[in-house]
């Protein structure tokens with residue numbers, strides 16, 4: 001096997017970590033191995049690992065492989081080295097991690113070599129083939145995914161319902177629900193579908209989106225005597241609400257109750273959110289109160305839906321009451337909670353109040369890219385570039401997660417102000433602007449022509 005004779009650090013992406021162990025601490029084998037792999041070529045890796053004296057366990061190998069999942073064949077070289085160590089054997093999880101890594105870099109022949117090695121040790125299971133099918137489907141390799149399913153028995157792994165569901169799920173999640181439906185129709189006589197099978201198809205058609213087909217699948221499920229479970233009902237309610245058919249969704253919820261299947265907080269959050277989107281605030285509140293009456297405790301998504309409903313009609317005093325209730329019941333807000341409120345306040349022109357909420361937010365949870373986008377854009381539109389840059393410097397998210405439209409707004413706002421700045425203020429802003437990716441600069445240039 002020919003590998004490039006150069007350090008892997010030049011061609012990989014891996015998670016950051018600190019490689020300097022404490023003086024009193026025993027060196028972490030994972031960090032030691034990662035450091036060696038980053039500074040070695042594929043040719044010198046084995047020697048460097050041997051000379052280090054590092055000892056490995058399945059847990060250590062799995063962790064290293066996950067960190068180097070996009071590193072190419074260097075990860076496989078380490079995998080081979082580990083297998084030769086005394087008193088060591090790969091676990092099923094290590095094999096699965098290696099299979100996922102190889103499929104990511106399209107090394108399918110080597111991947112099947114690993115599968116054959118697992119077969120010789122009688123370590124293959126249904127999950128192994130579900131991983132392979134999922135990776136093929138994600139790469140839009142339809143025939144290969146079906147092939148992996150069909151050869152399972154040759155590898156002494158039964159083609160059971162779990163495997164069939166895995167195949168359908170692989171296609172549905174890779175936006176190929178029509179292929180999943182085709183396979184279901186051709187094979188449902190060989191496998192008795194369960195609620196999970198139908199839920200997979202329902203979710204697939206929901207992503208399409210194709211409401212008539214989803215209805216057809218749901219009714220087929222019921223007609224065939226397969227009782228929907230709480231997951232199936234949740235998918236159907238969500239799909240109907242997204243299609244603006246909340247009254248039909250309520251019929252499903254009543255049917256759910258009649259079957260003795262209690263609605264979940266997720267289902268209530270969908271209903272409350274939909275009422276809020278339609279401006280039916282009283283119905284949203286009634287649904288929330290009905291939930292509490294039924295003894296179901298609201299979680300953060302439900303509260304977020306209620307807050308969103310109040311924000312939709314600009315009832316911000318009610319929003320703050322909900323926040324106090326959340327605090328009294330020990331339910332912590334998340335970034336989504338605050339983003340809903342900040343966005344609503346900005347839309348209403350209450351920018352000072354929005355900034356106050358932002359300052360409260362950073363004491364409770366970390367703002368995300370959406371939060372920073374809203375705040376920086378708000379200050380830029382108010383021609384307060386000083387505050388925009390203060391928020392920019394405070395950011396705890398990477399620059400490439402910010403929206404291109406935000407960077408355009410900053411650029412437009414800064415054109416007027418940067419020219420008038422002098423001294424340290426100008427230097428500071430210039431240094432920040434140097435962080436903007438070149439691709440965005442090209443976009444700005446085109447945008448301002």
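Residue numbers (UniProt numbering): 1 to 449.
Note that CB positions come from ideal geometry on N, CA and C, so glycine has one too.
On a predicted model such as this, the values are computed, not experimentally measured, just so you know.
Sequence-distant residues of its chain with Cβ nearer than 6 Å to residue i (five each side left out)
i           : result
residue 164 : 191
residue 423 : Unreliable positioning characterises residue 423 in this predicted model, as indicated by a pLDDT of 47, which lies under 50. The coordinate reading is nonetheless provided below. Contacts found: none.
residue 161 : 191
residue 421 : Residue placement at residue 421 is flagged as unreliable, the pLDDT there being 45, under the threshold of 50; the coordinate-derived value follows with that caveat. Correct list: empty, nothing qualifies.
residue 466 : As displayed, the chain neither begins before 1 nor continues past 449, which places residue 466 out of reach and without an answer.
residue 239 : 206 and 214
residue 82  : 56 and 61
residue 317 : none
residue 138 : 174
residue 375 : 358 and 391
residue 46  : 81
residue 92  : 123
residue 110 : 102
Neighbourhood of residue i by C-beta, 7 Å cutoff - its chain only, sequence neighbours within 5 removed
i           : result
residue 218 : 202 and 236
residue 341 : 307, 311, 319 and 357
residue 48  : 36 and 40
residue 441 : Because the pLDDT of residue 441 is 41, which lies under 50, any placement of that residue in the model is unreliable, and the question is left without a value.
residue 54  : 29, 32 and 33
residue 304 : 336, 337 and 340
residue 283 : 275
Reference residue i; option with closest CA among the options
i           : options               : result
residue 115 : 185, 330 and 131      : 131
residue 222 : 199, 123 and 272      : 199
residue 328 : 194, 376, 298 and 367 : 298
residue 136 : 348, 102 and 212      : 102
residue 263 : 383, 250, 118 and 273 : 250
residue 141 : 104, 208 and 117      : 104
residue 196 : 109, 213 and 234      : 234
residue 371 : 384, 385 and 391      : 391
residue 128 : 161, 395, 166 and 109 : 166
residue 32  : 78, 73, 43 and 70     : 78
residue 204 : 177, 330, 337 and 268 : 177
residue 354 : 274, 338 and 265      : 338
residue 257 : 330, 228 and 97       : 228
residue 366 : 334, 92, 330 and 52   : 334
residue 70  : 100, 52, 92 and 51    : 100
residue 285 : 259, 322 and 147      : 322
residue 146 : 121, 182 and 350      : 182
residue 349 : 243, 287 and 378      : 378
residue 108 : 336, 44, 72 and 63    : 72
residue 254 : 244, 242, 277 and 230 : 230
residue 210 : 330, 243, 294 and 252 : 243
residue 287 : 269, 117, 300 and 110 : 269
residue 193 : 179, 212 and 168      : 168
residue 330 : 113, 123, 85 and 364  : 364
residue 124 : 144, 143, 148 and 106 : 148
residue 248 : 260, 212 and 294      : 212
residue 208 : 294, 216, 172 and 352 : 172
residue 85  : 50, 300, 260 and 38   : 50
8 Å Cβ shell around residue i - same chain, five flanking residues per side excluded
i           : result
residue 468 : There is no way to answer for residue 468, as the model of the chain reaches only from 1 to 449.
residue 281 : 275, 309, 310, 312, 313 and 315
residue 246 : 240, 271, 274, 275 and 278
residue 302 : 265, 268, 269, 272, 288 and 291
Problem - Segments of 4+ residues assigned as alpha helix (DSSP H) that fall wholly inside the stretch 53-111 - result: The qualifying runs are 58-67, 73-83 and 92-104.
Practice task
Evaluate the contact criterion for the stretch 153-162 versus the stretch 177-189: three or more CB pairs, one atom per stretch, below 8 Å.
Solution key: Under the three-pair Cβ rule at 8 Å, the stretch 153-162 does not count as touching the stretch 177-189.
Problem - Runs of alpha helix (DSSP H) lying entirely within the stretch 234-312, each at least 4 residues, in chain order - result: If one requires a minimum length of 4 residues, the alpha helix (DSSP H) runs lying completely within the stretch 234-312 are 246-258, 265-277, 281-293 and 300-312, in chain order.
Problem - 4-residue-minimum alpha helix (DSSP H) runs that sit fully inside the stretch 192-219, ordered along the chain - result: Here the runs fully enclosed are 195-207.
Exercise for the section: Mind listing, in chain order, the continuous alpha helix (DSSP H) runs of no fewer than 4 residues lying wholly within the UniProt repeat "PPR" (334-364)? Expected result: If only complete runs of 4 or more residues are kept, the UniProt repeat "PPR" (334-364) shows the alpha helix (DSSP H) at 335-347 and 351-361, in order along the chain.
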